[in-house]
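Undergrad: Supplied in structure tokens, the structure appears directly below.
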Amino acid sequence: MIFRRYASTHLPRTIQQLLSAPPIPPNLSQVSITGWVKSVRRQKRVAFAVVNDGSNAAGLQVVFSDPISAQRLSNGTAVRLTGQLADSPGKGQAKELKVEQVQVLGECDPEEYPIQKQALSTEYLRQNVHLRARTDTIASMIRLRDSLQRSIHAFFQDEGFLYTHTPILTSNDCEGAGEAFQIASQPSSQDGQPSNTLETTEKESVKESHFFSRPTYLTVSSQLHLEAMATAMSRVYTLSPCFRAETSQTNRHLSEFWMLEAEWAFTERVEDICSLVEALLKSTWKHSCQERIGLADEASSHLAHIAPQFEQGKSWQRMTYTEAISELSKHQSTTKSPFVFDPKWGKPLQSEHERWLADTLVRGPVFVTDYPTSLKPFYMRANPDGKTVACFDLLIPQIGELVGGSLREERLDVLKENMVRHNLSPELYGWYLDLRKYGGAPHGGFGLGLERLVSWMGAIENIRECIPMPRWAGRMLL
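Counting in this note's numbering, the sequence shown runs from 4 upward without gaps.
Shown next, in the form of structure tokens:
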């Protein structure tokens with residue numbers, strides 16, 4: 004048998020890698036970069052351009068000693084440039100590339116290119132969602148998402164959690180809100196060839212709805228599946244897409260979004276979950292600071308304002324739902340600008356309530372715990388008072404709810420009663436009951452919306468600018 008040995012692959016260095024590498028000796032300073040031209044400035048005897056490959060916010064200034072060599076370059080042109088990486092005598096950058104060779108890899112007609120250098124409206128960029136990653140703002144957001152996810156993974160690995168994958172297709176609606184997308188396979192045509200239409204007869208619709216032997220949905224949460232894994236692996240988490248068919252058009256909602264969800268066995272206090280969430284977010288803030296530097300200038304004041312909230316040794320405030328209602332009611336009875344929705348015990352906290360608690364009362368993140376049983380899903384553990392459940396929502400300034408979590412009901416008899424009260428089928432959720440029947444243990448967990456985290460830590464007002472290609476009711480461009 005012949006064994007072939009292949010050379011290991013080594014990708015060319017990105018602009019960020021070149022700029023962060025140790026100084027290069029003069030005799031070895033010739034480098035090649037690839038990227039897209041962001042701007043060109045031509046003078047009589049020299050030309051300057053900024054090239055960016057997406058690896059950092061600023062890109063790299065390149066200098067052409069002969070302006071003619073830059074005549075084919077315009078905003079958006081894809082290039083490969085070779086030259087000497089040297090210290091820059093000008094202000095604004097430490098290094099620059101003195102270009103010796105120019106190769107245009109892809110031209111970009113400046114008259115037709117939709118992404119011009121002038122300011123472009125948010126709605127215009129949404130209409131050109133396939134190109135908006137080429138703008139500085141969206142590119143910085145994408146790098147921030149990457150940095151946050153890296154920090155999240157590092158934190159959980161240090162805490163002994165296992166990263167796992169959960170199903171996208173499911174037979175259950177974890178939240179019980181009736182906002183799940185039901186799926187159906189595309190029917191085949193009569194001649195056995197794939198059909199190019201989704202129109203079907205009533206008979207075909209019934210047949211296709213049972214592709215998996217029962218109605219199937221896009222997942223709204225991975226929690227129940229994570230619980231199954233936590234009963235064997237103790238500590239698990241996932242970061243995966245979720246889908247909700249809600250028609251809300253607010254700046255806080257998407258139909259497709261990413262959720263960080265974690266479950267772990269043998270936790271018996273809501274406070275322990277809150278403490279883990281707080282430690283996670285403080286760690287994530289600390290380790291993603293470099294990427295926030297590349298965000299828009301208008302974000303700077305907001306980021307400076309919230310930075311003290313992440314100081315180590317300063318715990319975020321906790322209050323019960325009952326205490327929150329009391330504070331909201333006091334404000335409602337004394338203010339000249341009352342809430343639209345009157346705060347009452349047993350009623351959900353509205354967005355205006357959540358923001359007032361975080362923005363005005365606490366002026367920072369606040370964990371609200373122990374909500375009424377009637378407001379929460381069947382799986383949350385009942386408190387001894389019989390009126391509330393062992394849960395929490397983390398509310399943050401300007402956004403509202405960022406994280407929700409709870410202890411899970413591990414007592415089989417109580418869980419069965421909860422399911423009956425919520426009109427859930429024991430047959431459909433029999434497997435979930437088995438988790439309690441066979442070695443059930445106290446456990447809990449939480450879910451965190453990644454886009455809301457990006458919005459908070461990136462000072463991005465609308466959640467539709469916190470994901471590269473957003474989907475919401477009435478909008479599907481790609």
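Using N, Cα and C, we set each Cβ at its ideal position, and we do this for glycine too.
#1: With a CB to CB cut of under 8 Å and the five nearest residues on each side skipped, what residues in its chain are close to Val423?
#2: Give a yes or no on whether the C-beta atoms belonging to Leu242 and Ala183 are separated by under 8 Å.
#3: Counting only the same chain and skipping the five closest in sequence on each side, list residues whose C-beta sits under 7 Å from that of Gln106.
#4: In the DSSP assignment, find the unbroken beta strand (DSSP E) run with Arg321 in it and report its ends.
#5: Quickly, what does DSSP pair Gly450 with across the bridge? List them, please.
#6: Note the first and the last residue of the continuous beta strand (DSSP E) segment covering Thr367.
#7: Going by CA-CA distance only, name the one from Asp139, Pro15, Ile145, Ser174 that's closest to Tyr435.
#8: Beta strand (DSSP E) containing Ser2: first to last residue?
#9: Note down the Cα distance separating His356 from Thr325, rounded to an integer number of angstroms.
#10: Is the Cβ-Cβ distance between Ser154 and Ser286 less than 8 Å?
#11: Assess, as a yes-or-no matter, whether the stretch 128-143 is touched by the stretch 247-262 under the definition of 3 or more beta carbon pairs within less than 8 Å.
#12: Using a Cβ-Cβ cut-off of 8 Å (strictly less than) and excluding sequence neighbours within five positions of Ile18, which residues of its own chain qualify?
#13: Evaluate Pro492 with the Cβ neighbour count: other Cβ atoms within 10 Å of its Cβ, from every protein chain shown; 16 or more gives buried, anything less gives exposed.
#14: In chain order, which continuous runs of the beta strand (DSSP E) of length 3 or greater are located wholly inside the stretch 83-171?
#15: Under the three-state reduction of DSSP, which class applies to Asp396: helix, strand or coil?
#16: Pick out whichever of Pro26, Gln33, Pro25, Ile71 has its Cα sitting closest to the Cα of Arg44.
#17: Out of Arg255, Asp345, Leu283, point me to the one whose CA is closest to Glu404's CA.
#18: Out of Ser188, Cys245, Phe246, Ser237, which has the shortest C-alpha to C-alpha gap to Pro218?
#19: Gly407 and Asp396 - do their beta-carbons sit closer together than 8 Å?
#20: Tyr127 to Ala233, Cα distance in whole Å?
#21: Within this structure, are the beta carbons of Glu412 and Tyr382 separated by less than 8 Å?
#22: Is it right to say Met322 is buried, meaning 16 or more other beta carbons lie within 10 angstroms of its own, or is it exposed?
#23: Would you identify the three-state DSSP class for Val239, choosing helix, strand or coil?
#24: Going by alpha carbons, who is nearest to Gly86 out of Lys94, Val102, Cys292?
#25: State yes or no: is the beta carbon of Leu134 nearer than 8 Å to at least one beta carbon in chain C?
#26: Which one of Asp275, Thr338, Arg455, Gln104 has the shortest CA to CA distance from Val34?
#27: Can you tell me whether Glu97 is buried or exposed, with buried defined as 16 or more other CB within 10 angstroms of its CB?
#28: Pop quiz: Phe449 and Val280 are said to be a contact at Cβ under 8 Å. What is the actual Cβ separation, rounded to whole angstroms?
#29: Run through DSSP, which three-state label would Val2 get?
#30: Quick check on Leu63: does DSSP put it in helix, strand or coil?
#31: Give every residue of the same chain whose Cβ lies closer than 7 Å to the Cβ of Phe246, excluding the five residues on either side of it in the sequence, and list them in chain order.
#32: I want to check one thing, is the minimum distance from the CB of Tyr382 to the heavy atoms of the ligand MG below 7 Å?
#33: In angstroms with no decimal places, state the Cα-to-Cα distance between Ala282 and Trp319.
#34: Between Ser291 and the rest of its own chain, which residues show a CB-CB distance below 6 Å, the 5 nearest in sequence each way excluded?
#35: Report all residues from its chain with a CB closer than 8 Å to the CB of Thr200; omit the five preceding and five following residues, and keep chain order.
TA: Taking the geometry as given:
#1: Correct list: empty, nothing qualifies.
#2: No.
#3: Val82, Arg83
#4: 320-323
#5: Glu264, Gly407
#6: Before going on, a small fix: residue 367 reads as Gly here, not Thr. Segment: none, Gly367 is in no beta strand (DSSP E) and carries neither H nor E.
#7: Ser174
#8: Residue numbering for the chain in the displayed model covers 4 to 481; residue 2 lies beyond these limits and cannot be assessed.
#9: 13 Å
#10: A contact, by the Cβ cut-off of 8 Å.
#11: In short, these stretches do not touch, since the Cβ pair count stays below three.
#12: Ile36, Gly38, Val54, Asn55, Asp56, Ser58, Asn59, Gly62, Leu63
#13: Any answer about residue 492 is impossible in this case: the structure gives the chain only from 4 up to 481.
#14: 98-109
#15: Here Asp396 sits in strand by DSSP.
#16: Ile71
#17: That would be Arg255, whose Cα lies nearest to the Cα of Glu404.
#18: Ser188
#19: yes
#20: 45 Å
#21: yes
#22: buried
#23: strand
#24: Val102
#25: Given the protein chain composition of this structure (a single chain), no chain C is represented.
#26: Gln104
#27: Looking at the sequence itself, residue 97 is Ala, so the reference to Glu does not match. Label assigned to Ala97: exposed.
#28: 6 Å
#29: Only positions 4 to 481 of the chain appear in the structure, and residue 2 is not among them; the question remains open.
#30: Residue state, collapsed to three classes: strand.
#31: Phe184, Leu221, Thr222, Val223, Ser258, Glu259
#32: For the ligand MG, the structure offers nothing, since it holds no ligand at all.
#33: Straight-line Cα distance between these residues: approximately 10 Å.
#34: Ser150, Leu151, Ser154
#35: Because the pLDDT at Thr200 is just 48, under 50, the model does not fix this residue reliably, and the value given afterwards should be weighed accordingly. Counting only Cβ-Cβ distances below 8 Å, and skipping sequence neighbours, we find nothing.
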